[in-house]
Amino acid sequence: MLSNNLMVNISKIFLNFFSKRKDILVSLLFAVLFIGLILIIRIPIKQVFEFNPDEGTDLMTSLLLAKGFSLYTQIWYEHPPLVPVILSYWFKLLGPSIYHGRLLILIFSGIFLWAFYQTIKNLWGSLCAFTAIVFLIFSTLFLRLHISVMLCTPARALAMLSIYFITLYKKSCSKRFLVLSGISMALSLHAKLIMLFLVPLIALEIIYIKRLSLKNTKKIDFFYPLFLWLGSFLIIYLAIIIIFFHFDFSLIIQQLVQPHFKKITLPGYDFSTIWKIILADYDIT
Numbered sequence: 042m043l044s045n046n047l048m049v050n051i052s053k054i055f056l057n058f059f060s061k062r063k064d065i066l067v068s069l070l071f072a073v074l075f076i077g078l079i080l081i082i083r084i085p086i087k088q089v090f091e092f093n094p095d096e097g098t099d100l101m102t103s104l105l106l107a108k109g110f111s112l113y114t115q116i117w118y119e120h121p122p123l124v125p126v127i128l129s130y131w132f133k134l135l136g137p138s139i140y141h142g143r144l145l146i147l148i149f150s151g152i153f154l155w156a157f158y159q160t161i162k163n164l165w166g167s168l169c170a171f172t173a174i175v176f177l178i179f180s181t182l183f184l185r186l187h188i189s190v191m192l193c194t195p196a197r198a199l200a201m202l203s204i205y206f207i208t209l210y211k212k213s214c215s216k217r218f219l220v221l222s223g224i225s226m227a228l229s230l231h232a233k234l235i236m237l238f239l240v241p242l243i244a245l246e247i248i249y250i251k252r253l254s255l256k257n258t259k260k261i262d263f264f265y266p267l268f269l270w271l272g273s274f275l276i277i278y279l280a281i282i283i284i285f286f287h288f289d290f291s292l293i294i295q296q297l298v299q300p301h302f303k304k305i306t307l308p309g310y311d312f313s314t315i316w317k318i319i320l321a322d323y324d325i326t
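If you read the sequence shown in our numbering, its first letter stands for residue 42, the second for the next number, and so on.
Laid out in structure tokens, this is it:
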């Protein structure tokens, strides 16, 4: 009798848990199915030697890290440290191979799709979210970029998580989502600095949310959510900078700043590139 009651109570707890989190679990299942589908049809993540020249750089850097070499002092690297460090531990766990590296990127792709779906669903509903996911997956470069060992996918996944946490803050006004968003954005920039443009946009969104929720507040209360987000962001970002650069700002200038300013002058990389990408997906656009 007691065991029957216990089983009934446990089943009620599980049903309650799943009913409350049904939407999140469904989108999570979708992300897992996407990863499984890629592995089953093997969009040739084992056969292709190199999807992009950047793959070789990032894989070699991660392998050297796994072998005990020091980033930025013994290894010259022009990008932030997060992805090669994660990849180096991944290689220690599974063994160094391009296939294992692509599996890790595929996991980040699943995180990106889940956060992307949840964000749009929170703002405009499930139909819009599903439509956006379908269009995104069928866009020209999505599959190739999201199985290549490159920095963009982890950076996008973490940035998308940051935006998702902001939509949760908009719904609940819970400050923990601001902290999680700030941490996610800091990690995103330590994957690749290309996501820097999102920082002022998220800051403006936080101010806008606060403006909608509180009409008559003191300035300090009005800007408190922004300070909390920026504080969380800066603490994590600067902590990682200190761990890897030890206040040696010459390393930051030489390896993270100067190479990218030199690339600005390269011919062919201008706004015309954007039009080529849009025209490649003219039907979806």
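The beta carbon of each residue, even a glycine, is placed where N, CA and C say it ideally should be.
From the DSSP output, in three-state form, read off N257 for me. What you label residue 257 is simply residue 216 of the sequence shown in a count that begins at 1. Any reading at N257 needs caution, since the residue's pLDDT is 49, under 50, leaving its predicted position unreliable; the model's value is listed next. N257 falls in the coil class under three-state DSSP.
Limits of the alpha helix (DSSP H) - the one that E96 falls within: For the purposes of this step, residue 96 is taken as residue 55 along the sequence shown, with counting starting at 1. Segment P94 to A107, the alpha helix (DSSP H) holding E96.
How many angstroms separate the CA atom of I148 from the CA atom of G142? The residue given as residue 148 occupies position 107 in the sequence shown. The residue given as residue 142 occupies position 101 in the sequence shown. Whole-angstrom Cα-Cα distance: 10 Å.
CB of I152 within 8 Å of CB of C193, strictly: Mapped onto the sequence shown, residue 152 falls at position 111. Mapped onto the sequence shown, residue 193 falls at position 152. In terms of Cβ geometry, I152 and C193 do not form a close pair [threshold 8 Å].
Just how far apart, CA to CA, sit F288 and A280? As a working note, residue 288 is residue 247 in the sequence shown. As a working note, residue 280 is residue 239 in the sequence shown. Those two C-alpha atoms are separated by around 11 Å.
Here's the rule I'm using: 16 or more other beta-carbon atoms within 10 Å means buried, otherwise exposed. How should E246 be labelled? Here residue 246 is taken as the residue at index 205 of the sequence shown, counted from 1. Buried.
Just to confirm, are S222 and I207 a CB contact at a threshold of 8 Å? On the sequence shown, position 181 is the one that residue 222 refers to. On the sequence shown, position 166 is the one that residue 207 refers to. Yes, Cβ-Cβ distance for S222 and I207 is below 8 Å.
Only counting runs of 4 or more residues, tell me where the alpha helix (DSSP H) segments fall wholly within the region 120-187, in order along the chain. List check, alpha helix (DSSP H) in window: 123-135, 139-165, 167-178 and 183-186.
Could you pull the start and end residues of the alpha helix (DSSP H) that A227 belongs to? Position 186 of the sequence shown, counted from the first residue, corresponds to residue 227. Per DSSP, A227 belongs to the alpha helix (DSSP H) from K216 to L230.
If we ignore side chains and look at the alpha-carbon of each, how far apart do Y130 and R252 end up? Counting from 1 along the sequence shown, the entry for residue 130 is found at position 89. Counting from 1 along the sequence shown, the entry for residue 252 is found at position 211. Cα-Cα distance, rounded: 44 Å.
Identity of the residue in I161, V190 and I224 nearest D95 by Cα: Position 54 of the sequence shown, counting from 1, holds the residue named residue 95. Ranked by Cα distance from D95, the options I161, V190 and I224 are led by V190.
Backbone secondary structure at K53 - three-state DSSP: In the sequence shown, counting from the first residue as 1, residue 53 sits at position 12. Note on K53: pLDDT 49, under 50, position unreliable in the model; the coordinate value appears next. Looking at K53 - three-state DSSP - the assignment turns out to be helix.
Does DSSP classify L396 as helix, strand or coil? Since the first and last residues shown for the chain are 42 and 326, residue 396 lies out of range.
Measure from the alpha carbon of K216 to the alpha carbon of each residue in F171, L128, A244 and Y265, then state which is nearest. For the purposes of this step, residue 216 is taken as residue 175 along the sequence shown, with counting starting at 1. Taking only the C-alpha atoms, the option nearest K216 is Y265.
To the nearest angstrom, how far is it from the Cα of R373 to the Cα of I277? A query on residue 373 cannot be resolved here, the shown segment of the chain reaching from 42 to 326 and no further.
Under three-state DSSP, which class holds I116? Within the sequence shown, numbered from 1, the residue matching residue 116 stands at position 75. DSSP, read as helix, strand or coil, puts I116 in strand.
Could you compute how far the alpha carbon of S225 sits from the alpha carbon of F290? On the sequence shown, position 184 is the one that residue 225 refers to. On the sequence shown, position 249 is the one that residue 290 refers to. Taking the straight line joining both Cα atoms gives about 24 Å.
Can you tell me whether DSSP reads T326 as helix, strand or coil? Here the question's residue 326 lines up with position 285 in the sequence shown. In this structure, T326 counts as coil in the three-state DSSP scheme.
Separation of S273 from L297, as counted between CA atoms: Here residue 297 is taken as the residue at index 256 of the sequence shown, counted from 1. Here residue 273 is taken as the residue at index 232 of the sequence shown, counted from 1. Each residue's alpha carbon lies about 22 Å from the other.
For C169 and N250, the rounded distance between their alpha carbons: Here residue 250 corresponds to residue number 209 of the sequence shown, with the count starting at 1. Here residue 169 corresponds to residue number 128 of the sequence shown, with the count starting at 1. The question names Asn, yet the displayed sequence has Ile at residue 250. Between I250 and C169, the C-alpha separation is close to 22 Å.
Same chain, Cβ closer than 7 Å to K133, neighbours up to 5 away in sequence not counted: Taking the first residue of the sequence shown as 1, we reach residue 133 at position 92. The beta carbon of K133 sits closer than 7 Å to those of A107, all from its chain and outside the five residues before and after it, given in chain order.
Please work out which residues of its chain come closer than 6 Å, Cβ to Cβ, to P137, disregarding the five sequence neighbours upstream and downstream, and give them in chain order. For the purposes of this step, residue 137 is taken as residue 96 along the sequence shown, with counting starting at 1. Excluding residues within five positions, the ones whose Cβ falls inside 6 Å are L104.
Pair within 8 Å by beta-carbon distance, P195 and A232: Start at 1 with the first residue of the sequence shown, and residue 195 comes out as number 154. Start at 1 with the first residue of the sequence shown, and residue 232 comes out as number 191. In terms of Cβ geometry, P195 and A232 form a close pair [threshold 8 Å].
Limits of the alpha helix (DSSP H) - the one that F206 falls within: For this step, residue 206 is matched to residue 165 along the sequence shown. Counting along the chain, the alpha helix (DSSP H) containing F206 begins and ends at C193 to S213.
With the cut-off set at 8 Å, would you say A156 and Y205 are in Cβ contact? One-based indexing of the sequence shown puts residue 156 at position 115. One-based indexing of the sequence shown puts residue 205 at position 164. Yes, the pair counts as a contact, with Cβ atoms nearer than the cut-off.
For D99, count neighbouring Cβ atoms within 10 angstroms of its own Cβ and tell me buried if that reaches 16, exposed if not. Taking the first residue of the sequence shown as position 1, residue 99 is located at position 58. Buried, because 16 or more other Cβ atoms sit within 10 Å of the Cβ of D99.
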